[in-house]
Amino acid sequence: MKFVHITDPHIVPAPRMLCALDPRARLAAAIGDINRHHTDAAFAVFTGDLAYLGEQDAYEDLRKLLDTLVIPYHLLVGNHDDRTNFKRVFPETPADESGFIQYVIETEAGAFVMIDTMEAEAPEGVYCDFRFAWLERQLQTLTGHPVYLFLHHPPFDIGIRSLDESRLPDPDRLARLIDAHGDVRYLFYGHVHRAVWGSWNGIPTSALPGTNHQVGLTLGGSPEMLGTHERPAYGVVLIERGCVNVHLRDFIDESPRFPLLDNASKHAATADALPAPPKALAGI
Ligand SMILES: [Fe+2]
Ligand SMILES: [Fe+2]
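Read in my numbering, the sequence shown has 154 at position 149, and its numbers run on one by one without any break.
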């Protein structure tokens, strides 16, 4: 199966900008690219920070943009979101019995379990007893079925102090639940505004750049959170025969495309001299 992972659009109501970028235009560009190239994906999953300040207007702008997305979508909330305003605009999004945005999507690859790690006014992740109880029940019900976990805050450090300070606390508790299930295949997360791959507790993990601004690679303990205009991307995820591949798609890239094995390509001295690729590959 194929799906799209996309994260941290940080929508602000029109016509406001955010970090000298237009988050609505950025998300529109991502959606346009998905509509051009990935309409065979089963759906898109957004791993939170849908809005920057959580205003209802921002969610209404988001909804208008998502109405143009050809494939279905599933939404999660992050620390920048406001759950009440989000629910007003997206009332169809499932929630658990306590009102947290947590739900399970059955797919041909297994169960995609979406969990809600936000707490109002707190940048850091929070996963309370109610949410744990819900997750424990889901994972017990899903015993024997592959599970893919989606959340906003990573439950581990990634080496960038300003982000590690806001990760999900008490990762051991979550790890024990996952271990008890025994077949959690992958953890997809948001929040960090960078492409990061790794593993945690034996489970492969990945995060992606946000669609608007990014967080700089300040390894080495800097307390400052550095914002950047590094390039945005979304992920195209393929799950086939037990193998997960995450392809990073830079949806604002306009660099040349050319037939790589063509001698004219190999000997081109300037981009102008590059031959054109077959028409069907031109925009990829
Ligand atoms: Fe974010
Ligand atoms: Fe976040």
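Note that CB positions come from ideal geometry on N, CA and C, so glycine has one too.
- For SER211, the enclosing beta strand (DSSP E) covers residues 208–212.
- Residues PRO99 and MET119 of the same chain have their beta carbon placed closer than 6 angstroms to that of TYR108, with the five preceding and five following residues left out of the count.
- Distances from the CB of HIS10 to the heavy atoms of ligand 2 are all 6 angstroms or more.
- No heavy atom of ligand 2 is found nearer than 6 angstroms to the CB of ASP86.
- Linking LEU265 to TRP205 through their CA atoms gives a straight-line distance of about 37 angstroms.
- PRO160 and PRO176 have their C-alpha atoms spaced approximately 5 angstroms apart.
- By the Cβ test, the stretch 165–183 is not in contact with the stretch 210–219, since fewer than three Cβ pairs between them sit closer than 8 angstroms.
- The alpha-carbon of HIS252 is positioned some 8 angstroms away from that of LEU243.
- Around the beta-carbon of GLY195, 16 or more other beta-carbon atoms lie within 10 Å, marking it buried.
- PRO283 counts as exposed, since fewer than 16 other beta carbons sit within 10 angstroms of its beta carbon.
- Nearest neighbour of LEU279 by Cα position, chosen from TRP139, PHE263 and VAL75, turns out to be PHE263.
- No heavy atom of ligand 1 is found nearer than 6 angstroms to the CB of ASP66.
- Rounded to the nearest whole angstrom, the C-alpha separation of TYR64 and GLY53 is 12 angstroms.
- The C-alpha of THR275 is placed about 45 angstroms away from the C-alpha of ARG190.
- In the structure shown, the three-state DSSP call for GLY83 is coil.
- Annotated three-state conformation of ARG68 is helix, per DSSP.
- For ASP54, the CB falls within less than 6 angstroms of some heavy atom of ligand 1.
- A contact between stretches requires three or more CB pairs, one per stretch, nearer than 8 angstroms, and the stretch 218–238 fails this requirement with the stretch 39–48.
- PHE193 is not a Cβ neighbour of PHE135, given a cutoff of 7 angstroms.
- By the CB criterion at 7 angstroms, PHE117 and TYR153 fall inside the cutoff.
- When the five nearest sequence neighbours on each side are left out, the beta carbons in the same chain lying within less than 6 angstroms of the beta carbon of PHE256 are those of ALA34, ALA35 and ASP38, in order along the chain.
- Sequence-distant partners of PHE8 (beyond 5 residues in either direction) whose C-beta falls short of 6 angstroms from its own C-beta, in its chain, are ALA46, ALA47, PHE48 and VAL242.
- Under DSSP, ALA116 shares a beta bridge with GLU111 and VAL152.
- Judged by DSSP in its simplified three-state form, LEU253 adopts strand.
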